[in-house]
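Peer 1: Structure in structure tokens, see below.
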Amino acid sequence: PSDNSETSVTTTCSGTSSQNTGYYRIAVFGRSGVGKQSLVNQLMTSDYVGGLGSLQDLSNNEKCVSVLLDGEESTLEFRDLLHEKESISQIPADAYVIVFSVDDKRSFCDARDTVTYLRNDLGSDRAIVLVANKIDLVRKRQVTAADAKTVAVAYNCKYIETSATLNHQVDELLVCVLRQIRLLLDPSIC
Ligand code: GDP
């Protein structure tokens, strides 16, 4: 991972919102082709995005938006990163979204390994969301919800099933990520 992008991202994004309650970085990981870009693109069209209206395409792999949730506005920076999963925890982020595709068992194994590395290295104080994408591909499904939930429970992650193509559960993913971040920062809110 390159650190150059991070410096410029922070500079570019700062100041997009004056009433902001938080600026959070979300790292998105997963094998090529699982739908990371498609998911992030759909997230940008969510009803929760807007408010101060600051969608920014920082680069091909980085997008920054204001999100209004529970009466509070936050800025979220999504970074779709290529990585070696062994070094994933060195990438600073407030939340990690680990995506696999339900029609690709290898992508699930990869996601499971990534979650394992993350939890072992970061401990419990960081939000991790395991995302099963492409659930519209019902007949091609190779990974069951039960298998994925087992991993999520074992490593204390949230689990959500999405279809970027159908825009199914994409809002829920956005809400889940932001609520997890806020909860970990202030456990008194639930
Ligand atoms: P990335 O490499 O992980 O960023 O994956 P992309 O977002 O580029 O998606 C790879 C391919 O999967 C593209 O052809 C997408 O149209 C397709 N795709 C992404 N999400 C879904 C989904 O939910 N369902 C289906 N059927 N295809 C998807």
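The sequence shown begins at 32 in full-length UniProt numbering and counts up by one.
Every residue, glycine too, gets a C-beta built ideally from N, C-alpha and C.
Grab the span of the alpha helix (DSSP H) containing E115 for me, first residue to last.
Peer 2: In the sequence shown, counting from the first residue as 1, residue 115 sits at position 84. That residue, E115, is in no alpha helix (DSSP H); it is neither H nor E in DSSP.
Peer 1: Comparing C-alpha positions only, which one of Y148, I57, H199 and A195 sits nearest to A185?
Peer 2: What you label residue 185 is simply residue 154 of the sequence shown in a count that begins at 1. Minimum Cα distance to A185 is reached at Y148.
Peer 1: Considering Cα atoms alone, identify which of L70, S63, L161 and R56 is closest to T145.
Peer 2: Mapped onto the sequence shown, residue 145 falls at position 114. T145 has its Cα closest to that of L161, out of L70, S63, L161 and R56.
Peer 1: Classify T175 as buried or exposed, calling it buried when 16 or more other Cβ atoms lie within 10 Å of its own Cβ.
Peer 2: Numbered from 1 along the sequence shown, position 144 holds the residue referred to as residue 175. Here T175 is exposed: its Cβ has fewer than 16 other Cβ atoms, across all protein chains shown, within 10 Å.
Peer 1: Could you check where the alpha helix (DSSP H) with C207 kicks off and where it finishes?
Peer 2: Position 176 of the sequence shown, counted from the first residue, corresponds to residue 207. Here the alpha helix (DSSP H) through C207 covers V201 to L216.
Peer 1: On the three-state DSSP scale, how would you describe S105?
Peer 2: Position 74 of the sequence shown, counted from the first residue, corresponds to residue 105. Strand.
Peer 1: In its own chain, which residues sit with a C-beta less than 7 Å from the C-beta of A195, not counting the 5 before and 5 after it?
Peer 2: Taking the first residue of the sequence shown as position 1, residue 195 is located at position 164. Excluding sequence neighbours, A195 sits near G66, S69, L70, Q73, N164 and V201.
Peer 1: Measure the C-alpha to C-alpha separation of L153 and G61 and round it to an integer number of angstroms.
Peer 2: As a position in the sequence shown, residue 153 is number 122, starting the count at 1. As a position in the sequence shown, residue 61 is number 30, starting the count at 1. Whole-angstrom Cα-Cα distance: 18 Å.
Peer 1: Tell me the rounded alpha-carbon separation between S120 and V98.
Peer 2: Here residue 120 corresponds to residue number 89 of the sequence shown, with the count starting at 1. Here residue 98 corresponds to residue number 67 of the sequence shown, with the count starting at 1. For S120 and V98, the distance between alpha carbons rounds to 25 Å.
Peer 1: Relative to the alpha-carbon of residue 231, which residue among L168, D78, D167 and I191 has its alpha-carbon at the smallest distance?
Peer 2: The structure shown does not extend to residue 231, since the chain is modelled only from 32 through 221, so no value can be given for it.
Peer 1: Here's a check: name, in chain order, each residue in its chain whose Cβ is nearer than 6 Å to the Cβ of D141, leaving out the five neighbours to either side.
Peer 2: As a working mapping, residue 141 is identified with position 110 in the sequence shown. So the qualifying residues of the chain are R62.
Peer 1: Quick one, which of K136, Y79 and N187 has its alpha-carbon nearest A158's?
Peer 2: Reading the sequence shown from its first residue, position 127 is the one you call residue 158. Closest option to A158, Cα to Cα, is N187.
Peer 1: With 16 other CB atoms within 10 Å as the buried threshold, where does E93 fall?
Peer 2: In the sequence shown, the residue the question calls residue 93 occupies position 62. It counts as buried.
Peer 1: Can you grab the Cα-Cα spacing for the pair L168 / A183, in whole Å?
Peer 2: Here residue 168 refers to the residue found at position 137 of the sequence shown. Here residue 183 refers to the residue found at position 152 of the sequence shown. Taking the straight line joining both Cα atoms gives about 21 Å.
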